[in-house]
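Residues -21 to -1, 1 to 540, numbered by mature numbering (1 follows the signal peptide of the UniProt record, and there is no 0), are exactly what the sequence shown covers, in order.
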Amino acid sequence: MRILHLLPLLAALAFAPAARAADVAQADHAEVRLIAATADHRPGEPVDLGIAFRLDPGWHIYAKDPGDAGLPTEVVWTLPEGARVEPLVYPPHRTFDEAGLTTFGYADRAVFTARAVSPADDAPFPVRARVSWLICKEICIPGQADLDLVLPVAAGAPLPSLDAGLLAAAALPPPPAPGLGLWLALGLAFAGGVLLNLMPCVLPILALKVLAIAQASRGAARRDATLFGAGALTAFIALGAALALLGAGGRALGWGFQLQSPATVLVLALIMLLVGLDLSGALPMGGLPPGIAARLPAARAPFFTGLLAVAVASPCTAPLMGAAVGYAATQPPETGFLVIVAIGVGFALPMVLVGWIPAVGRLVPRPGPWMATLRKVLAWPMFGAALWLAWVLSRQTDALGLALAALVPVAIGVALRARRLALPAIALAAVVAATAVEIRPARVAAAEDAWSEARVAALRAEGRPVFVDFTAAWCLTCQVNKRTTLKDAEVIAAFDAKGVARLVADWTQRDERIGAALARLGRNGVPVYALYVPGRETPLLLPELLTPSAVLDALETLPAR
């Protein structure tokens, strides 16, 4: 907990001598200083550093996520060999409205903090910071300063500097999940992974899982279950690594981020369509060209089923997962990676138990003539999933892009039925798919209920309660909640009776502002439902699986209109 690191600085104020560790630069409409909490250092021990801005009235600089315009304030450290520094901690930002654009930044004063560890050798500790920023009023002026500081070796305990209080008082962002430690987060992640098997996103893939068990002998069932679990866990490991690596690069990514790509949506839609055609018997996989079929041995099919299950499940957030995924997003990459892997273990475990425990496996009927009928019945969820993903694609691209994408299954069908035309058809499919996903998505005029931080702030300033629906077209749980709860007549009447403003934060396409807002709520995926109550600083977070009673109970806490 970062705030604990600063407690000694608060105590130091009571007896700090007149010592200062700082370097100052004067720039256009800004004074920037490199400060340290102590006037000297002890080798190999932490030192709290800070970049303190004092801005002229009316001028402002920008946060790590500047919003619709601006440039982030950044610091590049130069330290001696053996020293290291943690990532810069940005204080909570303000929201600015600049000519209709929403930006995030700081006015008057701002202190950015970082914890460094000095070298272990008995020598002075030189610190250099290259600070870059953009300061704006009616005009914008880029600024840069090189600041230097040398901390001598302390004879005893380090002496607090006069800037210790400034660093200690720097408003650090509160942890998004108070009291949620690693082990609790891992437990919630594991339980959430188990429940993820029951989410609407995964229901189509349950067909494949049932068929895999029903058609296997006892020995083969264990093999298939193990391979399925390995495939699912491999997918979660890859997903966790991607979130950790890309998040470390500064991208605000969340759970289900891959479906923000039209290319991924198109590929998944085609897979669902092909699986449905195979189950229905309209296009059995035996119709694949021999060269392709030889590369897909049946023994490996459960592994790829596990991969596919995770690909479709990842847009959903199961109960208990929300807090765990939000915790992962605020932790170092290795900790976040462990949380995502724990979800994968929970997701894969039920299938593994079915294959390895005979008592559980006996609950699944043995193969028989009923299988042919069941295969045809289970094809329909696959067709439904393909249609849903096509609808998602229609929200991400324009009519021309969707029309071109529709040619891809036609080309694949030609390849499967007329093997002589396989190569030209596959080439056509690749060209069409690439063209379709590169077409700029259609821009829809902003609706009155579209979310923005500025709109939330304005409504709250009027004293109105605000309900924010963080959603996405590719989130099937979101769509189920919308139909079963948010469009319920009693719920709508209760919203109107309480005068609740309802805003929609649509994350169908990647939006850094929505990702940052989710992170501040301690979440990293959708759905998220936040109810801002007048007089209360933080919103109430409703469960991921909504019911009318859950919404009505939350609305009961609001005063009558």
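By construction, the Cβ of each residue, glycine as well, lies at the ideal position given by its N, Cα and C atoms.
Item	Value
Boundaries (first-last residue) of the alpha helix (DSSP H) holding R515	From DSSP, R515 is part of no alpha helix (DSSP H); its letter is neither H nor E.
Beta-carbon spacing of A495, F449 below 9 Å	no
Beta-ladder partner(s) of A509, from DSSP	V447 and L520
As assigned by DSSP and simplified to three states, the class of R197	helix
DSSP-derived helix/strand/coil call for I216	helix
Beta-carbon contacts of L28 that lie in its chain and below 6 Å, excluding the five residues immediately before and after	A15, A93 and A95
The alpha helix (DSSP H) enclosing V324, as first and last residue numbers	P312 to W335
Through-space distance from A48 to A89, alpha-carbon basis	19 Å
Buried versus exposed call for G255 [16 or more other C-beta atoms within 10 Å across all chains shown]	buried
Whole-angstrom C-beta distance between F282 and L206, which should lie under 8 Å	4 Å
Bridge partner(s) assigned by DSSP for G46	T82
Proximity to H72 [Cα-Cα], best of R462, P45, D127 and E491	P45
Boundaries (first-last residue) of the beta strand (DSSP E) holding V129	C119 to L130
Range covered by the alpha helix (DSSP H) that runs through L174	L161 to L175
R481 - containing beta strand (DSSP E), residue span	A480 to D485
Whole-angstrom distance between Y85 and C115, CA atom to CA atom	11 Å
Coil, strand or helix - A473 by DSSP	helix
Whether residue 553 touches R197 by CB criterion (9 Å)	This structure gives no information on residue 553, because the portion of the chain shown stretches from -21 to 540.
W162 classed as buried or exposed, judged by whether at least 16 other C-beta atoms fall within 10 angstroms	exposed
D35 to A6 span [Cα, whole Å]	11 Å
Per DSSP, cross-strand counterpart(s) of E24	Per DSSP, none; premise fails for E24.
Beta-carbon proximity check, T74 vs A468, cutoff 9 Å	no
Run of the beta strand (DSSP E) containing V96, from where it starts to where it stops	R88 to V96
Per-residue DSSP class, three states only, for C454	coil
A9 and W38 closer than 9 Å at C-beta	yes
Limits of the unbroken alpha helix (DSSP H) element including L13	Taken as a continuous stretch (DSSP letters only), L13 belongs to no alpha helix (DSSP H), being part of the beta strand (DSSP E) at A9 to A15.
Rounded C-alpha distance that separates L247 from V320	22 Å
Secondary structure of G494, DSSP reduced to three states	helix
Helix, strand or coil at E53 according to DSSP, with G and I counted as helix	strand
D203 (DSSP reduced to helix, strand or coil)	helix
Proximity of L126 and V318 at Cβ, strictly below 9 Å	no
Residue span of the alpha helix (DSSP H) that contains R462, given as start and end	Premise fails: R462 is in no alpha helix (DSSP H) and is neither H nor E.
Helix, strand or coil at residue 557 according to DSSP, with G and I counted as helix	Here the chain has residues from -21 to 540 only, and residue 557 is not among them.
Nearest-angstrom Cβ-Cβ length linking F215 and V289, presumed shorter than 8 Å	6 Å
Extent of the continuous beta strand (DSSP E) to which E65 belongs	From DSSP, E65 is part of no beta strand (DSSP E); its letter is neither H nor E.
Separation of L521 from residue 543, as counted between CA atoms	Nothing about residue 543 can be reported from this structure: the residues present for the chain run from -21 to 540 only.
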